[in-house]
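> Following this message is one structure expressed as structure tokens.
4 protein chains.
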Amino acid sequence: MNFQIHLTSDVPIYQQLGQQIRAGVARGRLSHGQQLPSVREMSRLLVVNPNTIAKAYTELEREGVLHTRKGVGVFIAAPSTELTKTARKKRLQEKVDDLLTEAVYLNYPLGELKDLIETRAKEYVWNV
Amino acid sequence: MNFQIHLTSDVPIYQQLGQQIRAGVARGRLSHGQQLPSVREMSRLLVVNPNTIAKAYTELEREGVLHTRKGVGVFIAAPSTELTKTARKKRLQEKVDDLLTEAVYLNYPLGELKDLIETRAKEYVWNV
Amino acid sequence: MNFQIHLTSDVPIYQQLGQQIRAGVARGRLSHGQQLPSVREMSRLLVVNPNTIAKAYTELEREGVLHTRKGVGVFIAAPSTELTKTARKKRLQEKVDDLLTEAVYLNYPLGELKDLIETRAKEYVWNV
Amino acid sequence: MNFQIHLTSDVPIYQQLGQQIRAGVARGRLSHGQQLPSVREMSRLLVVNPNTIAKAYTELEREGVLHTRKGVGVFIAAPSTELTKTARKKRLQEKVDDLLTEAVYLNYPLGELKDLIETRAKEYVWNV
DNA sequence: GTGGTCTAGACCACC
DNA sequence: GTGGTCTAGACCACG
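Protein chains in written order, with the numbering used here: chain A, 499 to 626; chain B, 499 to 626; chain C, 499 to 626; chain D, 499 to 626.
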């Protein structure tokens, strides 16, 4: 799997990497037991400070997405118990509200917003 | 209208307030010409330093959401959209992608996401 | 490029700095990708509180003139115009009226004013 | 002569009035010896706090544009010695540079800027 | 009373 | 090292 970092983005590098690994797991491109590049290796691949890679890995390990075996390497962890439907809905609703606020503020018609979502959704892999 | 600040959140206070005011306008709870609590009053209400309130107000003023009159107070500005269609679409697409990534990660079906958007959209005031 | 602050001026320090950076970009003395002195360094150079420098930088960042990368520094952003033609014309017309009022008040002939504009315009980099 | 105050403008009221009186003098609509409405009268006409009117008058008196005769009223003063050509040019150049910076930044063609100036200039009365 | 500017200094996030 | 956030408190401009 390929990872891409945008240095100009205002999203911190370690979060970009974390998000891409999470997305990879969610889309089935990274699966349980698969090994990730080591901190140093990933650092060379992305041309990013090793500390930054380590920070991303640490965060993902804390979340239960990754599992580090000392002296061996970094691996994708077993899928954890999922959030309840209600919890997931609540988390999404915040982002939905944020999107709608921006759309109204920009005077962007709801119909066109739906079209935009429809179009972009094709870029994603929906398992459900 | 009520405002609420979560001091534990990692979203800066001034952005929390800004987002709540923007959302209030988008939902029609705050409308053109209406006066907001003064910097000092809002500072007392939220138990936050006046400078922090001023920072939120200044940002919204630059965005065209608010209008301040020195020595008088702060008011909701008349709506206006000076951005080109392309710029507005670009700005929304970022938020759409953000939303879709989260939905995929949470294994939330696209159909249900659309329903959620449909439902929430009724809370907002669409001029177009 | 040199920056100079007049403490006696009634124009706020952060606006003086902002205007000088904008002018530097418009005249091609500062160009895309170039790094500016850090907040602390500029603070030492101009003998001004770091917060005041940060305020200038933040404003320019929101305008799209600068781009800041946390932990790295502040850079001149890629040029972009997201405003509609109408909005841009409106913004310029205000400044034109301001100029004409002053010229009339000073009894400065329109012909000579045009000459002055013509001459000064050569200092700027026109992409269109 | 009529005076008009825009309460929504970000230019202070006392400056708006001052500017209009100066412009009136520059355009010959107000001339030496002519009486202006008293502070109280002007306050009623413009629906503005008397202190604000007084502040405008005081500033104009300091500049030598007005002359107050206690218990009698406020009058347009005799035309003062004018600034030298060089001084006037220097003052205008600042505004010209400001305008050009904004035009370049907005990617507004020089030709169209000149057209805009030409068009707006017709609204003004040039004595020279 | 209102908002705006500036300073001083603390603490955090990022690389 | 970099920039970002927040507080505290002073002083000014405006009506």
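Ideal Cβ placement from N, Cα and C applies to all residues, glycine included.
1. Using a Cβ-Cβ cut-off of less than 8 angstroms, give me the residues of the region 526-540 of chain B that come near chain A, in sequence order.
2. By the DSSP assignment, the alpha helix (DSSP H) with residue 544 of chain A in it spans what residues?
3. Would you please verify whether the beta carbon of residue 506 of chain A is less than 8 angstroms from any beta carbon of chain C?
4. Within 8 angstroms of any Cβ in chain D, is that where the Cβ of residue 492 of chain C sits?
5. What's the call for residue 514 of chain B, buried or exposed, on a 16-neighbour Cβ count within 10 Å?
6. Would residue 516 of chain C pass as a contact of residue 580 of chain C if the rule is Cβ separation under 8 angstroms?
7. Using the Cα positions of residue 587 of chain D and residue 555 of chain D, report the straight-line distance between them to the nearest angstrom.
8. Give me the residue from A:522, A:600, A:605 with the minimum Cα distance to residue 625 of chain B.
9. I'd like to know whether the C-beta of residue 560 of chain B is nearer than 8 angstroms to at least one C-beta of chain C.
10. Identify which residue in D:501, D:612, D:539, D:538 has its Cα closest to the Cα of residue 528 of chain D.
11. Classify residue 629 of chain C: buried if its beta carbon has 16 or more other beta carbons within 10 angstroms, exposed otherwise.
12. Helix, strand or coil for residue 572 of chain D per DSSP?
13. Give the range of the beta strand (DSSP E) segment to which residue 582 of chain A is assigned.
14. Does the beta carbon of residue 608 of chain C sit closer than 8 angstroms to a beta carbon anywhere in chain D?
15. Does the beta carbon of residue 546 of chain A sit closer than 8 angstroms to a beta carbon anywhere in chain B?
16. In whole angstroms, what is the alpha-carbon distance linking residue 518 of chain A and residue 559 of chain B?
17. Quick check: is the beta carbon of residue 602 of chain D nearer than 8 angstroms to any beta carbon in chain C?
18. From what residue to what residue does the beta strand (DSSP E) around residue 566 of chain B run?
19. Looking only at its chain, what residues have a beta carbon closer than 7 angstroms to the beta carbon of residue 535 of chain B, apart from the 5 residues adjacent to it on each side?
20. In whole angstroms, give me the CA-to-CA distance for residue 608 of chain A and residue 599 of chain A.
21. How far does the alpha helix (DSSP H) with residue 556 of chain D in it extend, from its first residue to its last?
22. Identify each residue in the region 564-596 of chain B for which the Cβ-Cβ distance to at least one residue of chain A is less than 8 angstroms, and report them in chain order.
23. Rounding to the nearest angstrom, what Cα-Cα distance links residue 521 of chain D and residue 618 of chain D in this structure?
24. Kindly indicate the opening and closing residues of the alpha helix (DSSP H) around residue 616 of chain A.
25. Just the C-alpha distance for residue 616 of chain A and residue 511 of chain A, rounded to the nearest angstrom, thanks.
26. Output yes or no for whether 8 angstroms exceeds the beta carbon distance between residue 614 of chain A and residue 614 of chain B.
27. Quick one: give me the first and last residue of the alpha helix (DSSP H) that residue 516 of chain B is part of.
28. For residue 534 of chain A, which of helix, strand or coil comes out of DSSP?
29. Give the residues of chain A in contact with residue 623 of chain B, contact being defined as C-beta atoms less than 9 angstroms apart.
30. To the nearest angstrom, report how far apart residue 551 of chain A and residue 569 of chain C are at their CA atoms.
31. Go through its chain and collect everything with a Cβ distance to residue 541 of chain C's Cβ below 6 angstroms, but skip five positions before and after it.
32. Beta carbon of residue 508 of chain D, beta carbon of residue 593 of chain C: below 8 angstroms?
33. Using the Cβ count rule (16 or more neighbours within 10 Å means buried), how would you classify residue 563 of chain B?
34. To the nearest angstrom, how far is it from the Cα of residue 530 of chain A to the Cα of residue 567 of chain A?
35. My output table needs one value for residue 505 of chain B: the three-state DSSP class, helix, strand or coil.
This is what the structure gives:
1. Taking 8 angstroms as the upper bound on Cβ-Cβ separation, chain A lies near no residue of the region 526-540 of chain B.
2. For residue 544 of chain A, the uninterrupted alpha helix (DSSP H) run begins and ends at 537-544, by DSSP.
3. yes
4. No answer is possible for residue 492 of chain C: the residues shown for chain C start at 499 and end at 626.
5. buried
6. The answer is no: Cβ separation not under 8 angstroms.
7. 27 angstroms
8. Answer by Cα proximity: A:605.
9. yes
10. D:501
11. In this structure chain C extends from 499 to 626, so residue 629 of chain C is not present and cannot be described.
12. strand
13. Unbroken run through residue 582 of chain A: none, as it is neither H nor E.
14. yes
15. No, residue 546 of chain A does not count as interfacial toward chain B.
16. 35 angstroms
17. So yes, residue 602 of chain D belongs to the interface.
18. First-last of the beta strand (DSSP E) with residue 566 of chain B: 564-567.
19. 543
20. Their Cα atoms are separated by approximately 11 angstroms.
21. Residues 548-561.
22. 577, 579, 581, 586, 587, 589, 590, 591, 593, 594, 595, 596
23. If you take the alpha carbons of residue 521 of chain D and residue 618 of chain D, they lie about 16 angstroms apart.
24. 608-619
25. Between the C-alpha atoms of residue 616 of chain A and residue 511 of chain A there is a straight-line separation of about 29 angstroms.
26. no
27. Note, residue 516 of chain B: alpha helix (DSSP H), 511-524.
28. strand
29. 602
30. One C-alpha to the other measures close to 15 angstroms.
31. 548, 551
32. no
33. buried
34. Between the alpha carbons of residue 530 of chain A and residue 567 of chain A lies a gap of roughly 14 angstroms.
35. Residue 505 of chain B sits in coil when the DSSP states are folded into three classes, being neither helix nor strand.
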